[in-house]
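Using my numbering, read the sequence shown as starting at 3 and increasing by one per residue. Glycine residues also receive a C-beta, built at the ideal position from the N, C-alpha and C atoms. What you are looking at is a predicted structure, and each value in this text was computed from that prediction instead of being measured.
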Amino acid sequence: MPLIPMDVPAEALANLVRHRAPFPRAIERYAPDDGAAEPVTDGVPLAAVLEGRRSVREFTETPVTEATLRAVLHRATRAQRDQWPIDRHPDPGLRLLLAVRRADGPGRGLFTPAPAGNLLPLGVPDWLDDLADVYADAPVFALVCGSPAGTGREAAGGLLVRIGALGYAIWLAARTHGLECAVFGAGHYLVRREAAGLRPGARHLFTVALGHPAPAVG
């Protein structure tokens, strides 16, 4: 399936390319704000991240650390802010949910990143393991949500571009920390129900499955 919907306006895609900002350097450091374990700080150079990018749908049982998850989300959301500065672009109402099946630190459940970088727990939904059947048997899923109905017809295409860009930023950020990913441009109806409960009108529109890649067979 196409990872960017075919009905996204061509001009929106062209503007994305013309105004995109460089992805934050992989070696950039940030300090945890609440005493959590120090995140991974020295990643893979961007050129290597792009050159080695591949979709991986087989993952090991190794859990992802909370520090790594926080570092990935920090880097990806910063890339989003750098590409669309808030002083020139209004808040599109994106909502990022993190479905964690195997991770050291936060435990199983649904989380959302807080502005300070910590992960806020939202409970353990009964559909958590269903994501493995629909997408891939990954330890973590980043679920990108938005509200197309609330943006108006003219802005809907731009919202979809930003959702896709955030999903790909998570993919690239994950690779700088030794993880691999698979991206999916289709939502899950149970996640959509959860997102709408948190913010009326929100829909689940993009998924990134991430974890430690299983060894290649053959």
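### Query
What is the DSSP secondary structure of V58, counted as helix, strand or coil?
coil
### Message
Just to confirm before moving on: does the CB-CB distance between A211 and Q82 stay below 8 Å?
### Response
no
### Task
Determine the extent of the alpha helix (DSSP H) in which V193 is found, giving its start and end residues.
Y191 to L200
### Query
Which one of R90, V142, D132 and G95 has the shortest CA to CA distance from P108?
V142
#### Entry: Option in V136, R72, L98 and T67 with minimal Cα separation from A197
L98
### Query
In three-state DSSP terms, what is G224?
In the structure as shown, the chain starts at 3 and stops at 220, and residue 224 therefore has no counterpart that could be examined.
### Alpha-carbon spacing of G180 relative to T70, whole angstroms
10 Å
### Query
Beta carbon of E182: closer than 7 Å to some heavy atom of the ligand NAD?
The ligand NAD is absent from the structure shown, which contains no ligand whatsoever.
### Query
According to DSSP, what are the bridge partners of L98?
V146
### Query
Three or more C-beta pairs closer than 8 Å, one from the region 105-120 and one from the region 175-191: is that the case here?
no
### Residues sharing a beta bridge with E68, DSSP
According to DSSP, which records beta bridges pairwise, E68 is partnered with nothing at all.
### Message
I need the boundaries of the alpha helix (DSSP H) containing L124, first residue and last residue.
### Response
Premise fails: L124 is in no alpha helix (DSSP H) and is neither H nor E.
### Task
Note the first and the last residue of the continuous beta strand (DSSP E) segment covering A134.
A134 -> not in any beta strand (DSSP E); alpha helix (DSSP H) instead, spanning D132 to V136.
### Task
Drop a sphere of 10 angstroms on the beta-carbon of R90, count the other beta-carbons inside from all chains shown, and report buried for 16 or more, exposed for fewer.
exposed
### Message
Suppose the cutoff is 8 Å on Cβ atoms and the five residues either side in sequence are ignored; what does the same chain contact list for R2 look like?
### Response
No answer is possible for residue 2: the residues shown for the chain start at 3 and end at 220.
### Query
How would you label A225, buried or exposed, when you count the other beta carbons within 10 angstroms and need 16 or more for buried?
The requested residue 225 is not part of the displayed model; the chain covers only 3 to 220.
### DSSP bridge partner residues for T178 (one or two, in chain order)
In DSSP, T178 forms no bridge with anything.
### Task
Taking all protein chains shown into account, decide if T62 is buried (16 or more other Cβ within 10 angstroms of its Cβ) or exposed.
exposed
### Task
In angstroms with no decimal places, state the Cα-to-Cα distance between H206 and L200.
12 Å
### Query
Taking just the CA atoms, how far does R72 sit from A144?
12 Å
### Task
Within 10 angstroms of the Cβ of A140, are there 16 or more other Cβ atoms? Answer buried if so, exposed if not.
buried
### Query
Which residues share a DSSP beta bridge with R83?
Paired residues: none, contrary to the question.
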